[in-house]
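Peer 1: Quick one: the structure is below, and I'll ask about it shortly.
In the working numbering, the protein residues as written are 945 to 1449.
In structure tokens, the structure reads:
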């Protein structure tokens, strides 16, 4: 253990070394644990070059993945934009794994290194380790090993069946990734060891039961048997929301290796499901965490005024929110929105106003740290905003709603800063972060078991968001390729009336 003067000399030197990073991880980890009561996975800090960071971008943060042309395309596009100055790179990237892997850019200053260690290694890490979405829907202990398994399996398929055929399967499965997620049923945990054992058992069973005569018989569909009395049996008994799962299990003539690839894509899609549902909370909590930890470092004498000036400049850049009429505006900054709400929860607990007592009576006078932890652990973006976006944050961020009616020539202001307006802003903003607002609700409702093996899908229109005809037709083409038989999609409104039909024969 070094004295504070030694730590200060290391942390306030703009040029870092690995000893500095080790000391920073030690001190920041202690403050995170003791001051903010954070429970985290062990940290694995990787120092990367710009090219390695671009590679991580292409693989959506995972340290390894299976081969696919889209990953290479994304890498080349990002590399060209970066070298021509059209885009910058993140100071860090963090992975939901155990240990928690964070990539830090090698050209970060010492101040920025401490900031991203506090942000990623404490904030994001604690969020991954405690938020219910990640605990219930992902497997941090085994994702890296599982991706190694996925890479090896798909590369073997390329050797045996050809790269082009494997690419077709991956293209179709990737097009359906958003429809390969269990939103209400907890998925089984990822395990590369169990997956390998399962494949070995399947291979063993096929070898034991192999007889040359079976090659002369037609392939039987992998569908349930129908009653012999001529009665029409409904299949599936209940609508199935996970289209990739249904195809994997019941596609009549799909080879087993293609089923395994679909299963891999489905598992990866499930792994990323919580990240899309908690972007505002995750970034907001990490920013809230790094702000408190760095200020605690200053209070305890680990850093000086010069360090804090650089930190505040970088922190302000993270929270920069362009005005709605700025050419740089591209929506609400998730860092800003999440950070403002978490900070406001702390303020309401400590210094409530009369307005706060009316809107948030359950927060008034409570321990702010307990409340922040409770919110971090038990909400996702839409419920977080609907429950905790306060009138003060709405006023501070100058939020309002507009009505965009295609029948009218001009926009209309739908909600302003009054009692009714606050609630409307909160409800509409919450809706925008609801997954169903962006991903259509499409379910498998029927398969023609007796005649055509046609797959029937039903789209339920929600929040007046209808399907784009061209995209729907293209997606059905991918489903038709995987299913192997005709596919039909009916789009129904709230009254159950069919509004449009799409079909691929």
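Where a beta carbon is used, it is the ideal one built from N, C-alpha and C, also for glycine.
1) Looking at the unbroken alpha helix (DSSP H) that takes in residue 1044, where does it start and where does it end?
2) Just verifying my parser: in three-state terms, what is the DSSP assignment at residue 1394?
3) Secondary structure at residue 1287, three-state DSSP: helix, strand or coil?
4) Identify every residue that forms a DSSP beta bridge with residue 1445.
5) Can you have a look at residue 1471 and say buried or exposed, based on whether 16 or more other CB atoms are within 10 angstroms of its CB?
6) Going by other Cβ atoms of all chains shown within 10 Å of its Cβ, with 16 needed for buried, is residue 1086 buried or exposed?
7) Name the one or two DSSP bridge partners that residue 987 has.
8) What are the complete beta strand (DSSP E) segments, minimum 3 residues, inside the region 1351-1394?
9) I need the straight-line Cα distance from residue 1198 to residue 1111, nearest angstrom please.
10) Among all the DSSP beta bridges, which residues are the ones paired with residue 992?
11) Under 6 Å Cβ to Cβ from residue 1438, same chain only, skipping five residues before and after it: list those, please.
12) Among the residues of its own chain, which have a CB less than 7 Å from the CB of residue 1377, if the five just before and after it don't count?
13) So, is residue 946 buried or exposed, given that buried needs 16 or more other C-beta atoms within 10 angstroms?
14) What first and last residue would you give for the alpha helix (DSSP H) that runs through residue 1297?
15) In the DSSP output, what is residue 1184 paired with across the bridge?
16) Using a Cβ-Cβ cutoff of less than 7 Å, which residues in the same chain neighbour residue 1397 once the five nearest sequence positions on both sides are dropped?
17) If you drop the 5 nearest sequence neighbours on each side, which residues of the same chain put their C-beta closer than 7 Å to that of residue 1082?
18) Just the Cα atoms here: how many angstroms apart are residue 990 and residue 1047?
19) Entirely within the region 1228-1264 and at least 4 residues each: give me those alpha helix (DSSP H) ranges in chain order.
20) Spell out the partners DSSP gives residue 1409 in its beta bridges.
21) Cα separation between residue 1118 and residue 1221?
22) Determine the DSSP secondary structure at residue 1336, reduced to helix, strand or coil.
23) Can you tell me whether residue 1008 is helix, strand or coil according to DSSP?
24) How is the alpha helix (DSSP H) around residue 1038 delimited, first residue to last?
25) For residue 1307, which residues from the same chain have a beta carbon less than 7 Å from its beta carbon, with the 5 sequence-adjacent residues on both sides left out?
26) So, helix, strand or coil for residue 1125, using DSSP?
27) Since residue 1400 sits in a beta bridge, which residues does DSSP pair it with?
28) Where do the N-terminal and C-terminal ends of the alpha helix (DSSP H) with residue 1110 fall, by residue?
29) Could you give the distance in angstroms between the alpha-carbon of residue 1303 and the alpha-carbon of residue 1280?
30) What did DSSP end up calling residue 1347 once you bin it into helix, strand or coil?
31) In three-state DSSP terms, what is residue 1426?
32) Taking the C-alpha atoms as reference points, what is the distance between residue 957 and residue 1054?
33) Does DSSP put residue 963 in a helix, a strand or coil?
34) For a quick check, are the C-beta atoms of residue 1063 and residue 1036 less than 8 Å apart?
35) Roughly how many angstroms lie between the CA atoms of residue 1021 and residue 994, to the nearest whole one?
36) Taking all protein chains shown into account, decide if residue 1149 is buried (16 or more other Cβ within 10 angstroms of its Cβ) or exposed.
Peer 2: Short version:
1) As a working note, residue 1044 is residue 100 in the chain shown. Residue 1044 -> not in any alpha helix (DSSP H); beta strand (DSSP E) instead, spanning 1044-1049.
2) Taking the first residue of the chain shown as 1, we reach residue 1394 at position 450. Coil, per DSSP.
3) Position 343 of the chain shown, counted from the start, is the residue given in the question as residue 1287. Of the three classes helix, strand and coil, the one that applies to residue 1287 here is helix, per DSSP.
4) Sequence index remark: in the chain shown, residue 1445 carries index 501 (1-based). Looking at the DSSP assignment, residue 1445 forms a beta bridge with 1434.
5) No statement about residue 1471 is possible, as the shown extent of the chain runs from 945 to 1449 and does not include it.
6) Locating residue 1086 in the chain shown gives position 142, counting from the first residue. Burial call: buried.
7) Working through the chain shown from its first residue, we reach residue 987 at position 43. Partner(s): 1044.
8) 1356-1359 and 1385-1391
9) Taking the first residue of the chain shown as position 1, residue 1198 is located at position 254. Taking the first residue of the chain shown as position 1, residue 1111 is located at position 167. Whole-angstrom Cα-Cα distance: 15 Å.
10) Indexing the chain shown from 1 puts residue 992 at position 48. Answer is 1049, bridged to residue 992.
11) For the purposes of this step, residue 1438 is identified with residue 494 of the chain shown, where counting begins at 1. Excluding positions up to five away in sequence, the list is empty.
12) The residue given as residue 1377 occupies position 433 in the chain shown. Same-chain partners within the cutoff: 1224, 1325, 1326 and 1329.
13) Counting from one through the chain shown, the residue named residue 946 turns up at place 2. Answer is exposed; the Cβ neighbour count stays below 16.
14) Start at 1 with the first residue of the chain shown, and residue 1297 comes out as number 353. Where residue 1297 is concerned, there is no enclosing alpha helix (DSSP H), given that its DSSP letter is neither H nor E.
15) For the purposes of this step, residue 1184 is identified with residue 240 of the chain shown, where counting begins at 1. Residue 1184 is bridged to 1388.
16) As a position in the chain shown, residue 1397 is number 453, starting the count at 1. Contacts found: 1165, 1196, 1391 and 1429.
17) Sequence index remark: in the chain shown, residue 1082 carries index 138 (1-based). Hits under 7 Å: 1040, 1215 and 1218.
18) As a first step, residue 990 is located in the chain shown; it is residue number 46 there, counting from the start. As a first step, residue 1047 is located in the chain shown; it is residue number 103 there, counting from the start. For residue 990 and residue 1047, the distance between alpha carbons rounds to 5 Å.
19) 1249-1262
20) In the chain shown, counting from the first residue as 1, residue 1409 sits at position 465. 1406.
21) Counting from 1 along the chain shown, the entry for residue 1118 is found at position 174. Counting from 1 along the chain shown, the entry for residue 1221 is found at position 277. Residue 1118 and residue 1221: Cα-Cα distance of roughly 19 Å.
22) Walking along the chain shown from the start, residue 1336 turns up at place 392. Residue state, collapsed to three classes: helix.
23) Here residue 1008 corresponds to residue number 64 of the chain shown, with the count starting at 1. Residue 1008: coil per DSSP, three-state reduction.
24) Taking the chain shown and counting its residues from 1, one reaches residue 1038 at position 94. That residue, residue 1038, is in no alpha helix (DSSP H); its beta strand (DSSP E) goes 1036-1039.
25) To locate residue 1307, count along the chain shown from 1; it is residue 363. Excluding residues within five positions, the ones whose Cβ falls inside 7 Å are 1289, 1292, 1293 and 1315.
26) Within the chain shown, numbered from 1, the residue matching residue 1125 stands at position 181. Residue 1125 falls in the coil class under three-state DSSP.
27) Residue numbering aside, residue 1400 sits at position 456 when the chain shown is read from its first letter. DSSP output for residue 1400 lists 1390 and 1432 as bridge partner(s).
28) Within the chain shown, residue 1110 is the residue found at index 166, counting from 1. 1107-1119 is the extent of the alpha helix (DSSP H) around residue 1110.
29) The residue you call residue 1303 lines up with position 359 of the chain shown. The residue you call residue 1280 lines up with position 336 of the chain shown. Their backbone Cα atoms lie some 22 Å apart in a straight line.
30) To locate residue 1347, count along the chain shown from 1; it is residue 403. Strand at residue 1347.
31) Here residue 1426 refers to the residue found at position 482 of the chain shown. Looking at residue 1426 - three-state DSSP - the assignment turns out to be helix.
32) For this step, residue 957 is matched to residue 13 along the chain shown. For this step, residue 1054 is matched to residue 110 along the chain shown. Spanning the two alpha carbons is a distance of roughly 7 Å.
33) For the purposes of this step, residue 963 is taken as residue 19 along the chain shown, with counting starting at 1. Looking at residue 963 - three-state DSSP - the assignment turns out to be helix.
34) By 1-based counting over the chain shown, the position of residue 1063 is 119. By 1-based counting over the chain shown, the position of residue 1036 is 92. It is a contact, given that the beta carbons lie within the stated cut-off.
35) Stepping through the chain shown from its first residue, residue 1021 is reached at position 77. Stepping through the chain shown from its first residue, residue 994 is reached at position 50. Computed Cα separation, rounded: 14 Å.
36) Here residue 1149 corresponds to residue number 205 of the chain shown, with the count starting at 1. Residue confidence for residue 1149 is low, a pLDDT of 46 falling below 50, so the modelled location carries little weight; the figure read from the coordinates is stated next. Burial call: exposed.
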